[in-house]
DNA sequence: GCGACAG
DNA sequence: ATCTTGTCGC
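In UniProt numbering, the protein residues as written are 1 to 229.
Put into structure tokens, the structure is as follows:
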């Protein structure tokens, strides 16, 4: 974890920490063509007990070939509260990242970045903490207004709040619900959309995140108590 | 006050 | 998010 920053004890402290950390988010970083290794991150929770599995899947950015998969079992240390999602998922995701032999060039996470009430969603928190370029790709909006984008893959429309552009509502496949792309850290919104499209060749959800979701679910399922007799 | 509310 | 199989459609 980030030893420089005290971990918040409650929602009020967490909110204050977000407002402070948001200032370190940047919109520039490596050019898109310099990104060779993409990582998708996701967390699956057990309903039976209080365990969770965080997963990171690393893919070759050009071929989308899987290069590495790591998982980490943990327990939630913070409740789920809209707007404070990162305090729940950041600790297990960082622990999983530490299991990688080589850090990836870019992180894609299941949630928002700047498209957040205080402009500091999970993707921003993950990027600022790791100092790795990060993109947020969410399945649902948390804040903002938008027009329905066109029906085809690549069609998009801006996600805005009080005139401020927070992200892009991006159609990743024909006639499928769009996803919500926003900057996490060290990348432009345009590059974030390009990387998202490039890593989403077939399904609605980008391949790195989709595979991380599968890995975390598979792992949790395989570790559930198997009833005998 | 009411509704909305990433995963 | 979690529980949960098949089934309809491209």
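Virtual Cβ for every residue (Gly too), placed ideally from N, Cα, C.
Under 7 Å Cβ to Cβ from residue i, same chain only, skipping five residues before and after it: list those, please.
i           : result
residue 119 : 22
residue 229 : With a pLDDT of 39 at residue 229, under the threshold of 50, the predicted position of this residue should be treated as unreliable, though the coordinate-derived value follows. The answer is none, since no qualifying residue turns up.
residue 65  : 59
residue 111 : 85, 121, 122, 123, 136, 138
Identify which residue in the options has its Cα closest to the Cα of residue i.
i           : options            : result
residue 225 : 117, 44, 48, 41    : 48
residue 31  : 145, 91, 222, 195  : 195
residue 44  : 56, 155, 34, 137   : 56
residue 93  : 122, 101, 83, 66   : 122
residue 156 : 170, 144, 143, 165 : 170
residue 200 : 63, 73, 51, 76     : 63
residue 98  : 129, 78, 117       : 129
residue 147 : 138, 214, 178      : 178
residue 27  : 166, 16, 87, 111   : 166
residue 217 : 36, 46, 137, 25    : 46
residue 36  : 215, 198, 213      : 198
residue 25  : 145, 151, 127      : 127
What separation, rounded to the nearest whole angstrom, lies between the Cα atoms of residue i and residue j?
i           : j           : result
residue 38  : residue 85  : 22 Å
residue 14  : residue 8   : 5 Å
residue 163 : residue 206 : 28 Å
residue 71  : residue 149 : 35 Å
residue 116 : residue 29  : 21 Å
residue 223 : residue 53  : 10 Å
residue 143 : residue 160 : 8 Å
residue 190 : residue 51  : 37 Å
residue 77  : residue 137 : 23 Å
residue 202 : residue 175 : 12 Å
residue 158 : residue 215 : 32 Å
residue 87  : residue 139 : 19 Å
residue 168 : residue 145 : 11 Å
residue 213 : residue 151 : 26 Å
Can you list, in chain order, the residues of its chain with a C-beta nearer than 6 Å to that of residue i? Leave out the 5 residues immediately preceding and following it.
i           : result
residue 90  : 125
residue 173 : 153, 204
residue 141 : 180
residue 83  : 117
So, residue i versus residue j, is the Cβ gap smaller than 8 Å?
i           : j           : result
residue 132 : residue 107 : yes
residue 40  : residue 220 : no
residue 11  : residue 81  : yes
residue 95  : residue 74  : yes
residue 5   : residue 17  : yes
residue 68  : residue 209 : no
Identify, in the order they occur along the chain, each residue of the same chain with its Cβ nearer than 8 Å to the Cβ of residue i, setting aside the five sequence neighbours on each side.
i           : result
residue 135 : 106, 107, 108, 109, 113, 123, 181, 182, 183, 184, 187, 192, 195, 196
residue 19  : 118, 120
residue 79  : 88
Let me check you understand the geometry: is the CB of residue i closer than 7 Å to at least one non-hydrogen atom of the ligand FMN?
i          : result
residue 89 : Ligands displayed in this structure: none; no statement on the ligand FMN is therefore possible.
Sequence ranges, alpha helix (DSSP H) only - wholly within the segment 100–151, length at least 4: Listed in chain order, the complete alpha helix (DSSP H) runs (minimum 4 residues) inside the segment 100–151 are 122–130.
Length at least 3, wholly inside the segment 16–71: the beta strand (DSSP E) runs in chain order: 37–45, 52–60
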